[in-house]
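Engineer:
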Amino acid sequence: MNWTYITAFFLSLFISLYSVPYVMGIAEKKRVYDRPDKKRKIHSTLIPLWGGIGIYVSFYLTLLLLFLLFPSVREIFLSKNFREKTFGIFLASTLILLTGASDDRRPLQPTVKLLLQIIATFIVILYGIKVTGLNLPFFKYIHFPKLIMIIFTTLWLIGFTNVINLVDGLDGLAGGITVIASITFFLVNLIQAEHGVIQEQLIPSSIFSLLIAGSTLGFLYYNFYPANIFLGDSGSLFLGFMLGITTILGMLKLVASIALIIPIIVVALPIFDVILAIIRRAKKGKSIMEADSSHFHHILLKLGWNQREVVLLIYNITLILSIIAILIATL
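In the numbering used here, the protein residues as written are 510 to 840.
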């Protein structure tokens with residue numbers, strides 16, 4: 510599968526480099542912009558949104574090309590055991606993308622956005638993407654009853670979706686975290702395969718990880734400071750949702766007790782930031798989905814750091830956490 514993995518990454522990167530400018534032109538034509546304000550947003554000019562649509566196109570177009578180029582990939586994704594999962598992921602992720610794209614054009618009520626995310630998670634659960642149990646440290650494998658399985662899977666996917674969405678506050682920030690996380694998930698899959706886990710179980714997760722990494726890296730060429738286009742909710746929601754799907758297909762399917770720990774370690778910084786944001790907003794009686802200017806990156810900006818310095822610092826912290834996660838996976 511080595512050539513498959515290499516092709517998945519570089520082909521998605523190449524397609525993204527071409528699809529993102531095309532989408533940028535559409536966003537400008539439709540006047541779908543992120544408009545500056547004096548309260549929270551840092552940019553001072555109109556920046557087109559819908560960057561996530563370019564990533565989505567790159568992700569699925571590359572997957573389709575992999576089906577054509579590598580019969581083994583087509584056989585796995587369209588096999589009797591995985592065919593429904595493939596369709597369910599496509600259907601749910603498309604709903605997530607459309608939710609974000611609609612919100613970019615005309616803001617949706619937070620409750621409506623959350624409801625659509627819940628529907629998307631129910632779709633993938635219906636098509637067989639679910640966490641059926643966990644092997645926690647110091648405990649035997651815990652098999653979830655059906656209700657607990659639905660609740661855990663829903664919370665896991667919605668959590669990942671909104672962690673990326675809520676930290677998308679600086680040029681290149683959410684995209685860079687996503688690239689580091691997805692490559693880390695891929696490397697952990699390789700390590701698990703070396704430890705005797707059946708490789709076929711990890712191939713869909715590994716391919717998805719590299720498609721996310723390549724597509725997002727291509728987007729970052731246009732999004733790193735100073736950005737020409739933003740992810741928008743179309744991108745941050747789609748990437749967060751697909752990262753969650755990737756962990757369910759990969760690490761959370763493992764019987765090792767590290768299965769739950771590793772993805773949490775990798776995105777520990779944005780998780781911690783989001784938890785503080787939820788507490789902060791709850792104390793003020795605000796919706797947890799409502800944006801504010803008290804995130805970790807906002808605090809650093811107020812201390813005199815510039816955007817590039819803040820983003821690179823958070824990249825480095827995420828990279829260190831990812832290395833720790835990889836080392837744990839080797840134990």
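Every residue gets a Cβ at the ideal spot worked out from N, C-alpha and C, and that includes glycine.
1) Less than 9 Å between the beta carbons of Ser602 and Gly563, yes or no?
2) Can you tell me whether DSSP reads Asp742 as helix, strand or coil?
3) Spatial neighbours of Leu572 within its chain, please: CB distance less than 7 Å, with the 5 preceding and 5 following residues excluded, ordered by chain position.
4) Compare the C-alpha of Val492 against each of Tyr514, Val582, Pro616, Phe728 and name the closest.
5) With H, G and I counted as helix, E and B as strand and the rest as coil, what does DSSP make of Leu617?
6) Could you give the DSSP three-state label for Tyr734: helix, strand or coil?
7) With Ile692 as the anchor, note down where its alpha helix (DSSP H) starts and where it stops.
8) In whole angstroms, what separates the C-alpha of Ile787 from that of Ala777?
9) Excluding sequence positions up to five away, which residues of its chain have a Cβ less than 8 Å from the Cβ of Leu635?
10) Hey, which unbroken runs of the alpha helix (DSSP H) at 4 residues or more fall wholly within the segment 572-648?
11) Am I right that Phe750 and Ile605 are in contact with their C-beta atoms under 8 Å? What's the rounded C-beta distance?
12) Are the segment 525-540 and the segment 575-582 touching by the rule of at least three beta carbon pairs closer than 8 Å?
13) Does the distance from the C-beta atom of Val775 to that of Ala702 stay below 9 Å?
Structural biologist: The short version:
1) Their beta carbons are not under 9 Å apart, which means Ser602 does not touch Gly563 by this criterion.
2) Here Asp742 sits in helix by DSSP.
3) The beta carbon of Leu572 sits closer than 7 Å to those of Leu720, all from its chain and outside the five residues before and after it, given in chain order.
4) Because residue 492 is not part of the residues shown, which for the chain are 510 to 840, the question remains open.
5) The answer is coil: DSSP assigns Leu617 none of H, G, I, E or B.
6) The three-state secondary structure of Tyr734, taken from DSSP, is coil.
7) 682-703 is the span of the alpha helix (DSSP H), which, as asked, contains Ile692.
8) Rounded to the nearest angstrom, the two C-alpha atoms are 15 Å apart.
9) Excluding five sequence positions before and after Leu635, the CB atoms of its chain that fall closer than 8 Å to its own CB belong to Gly597, given in chain order.
10) Annotation note: the segment 572-648 contains the following uninterrupted alpha helix (DSSP H) runs of length 4 or greater, listed N- to C-terminal: 580-586, 592-614, 619-635.
11) That pair is a contact at about 5 Å.
12) When Cβ pairs closer than 8 Å are counted between the two stretches, the segment 525-540 is seen not to touch the segment 575-582, the count staying below three.
13) No.
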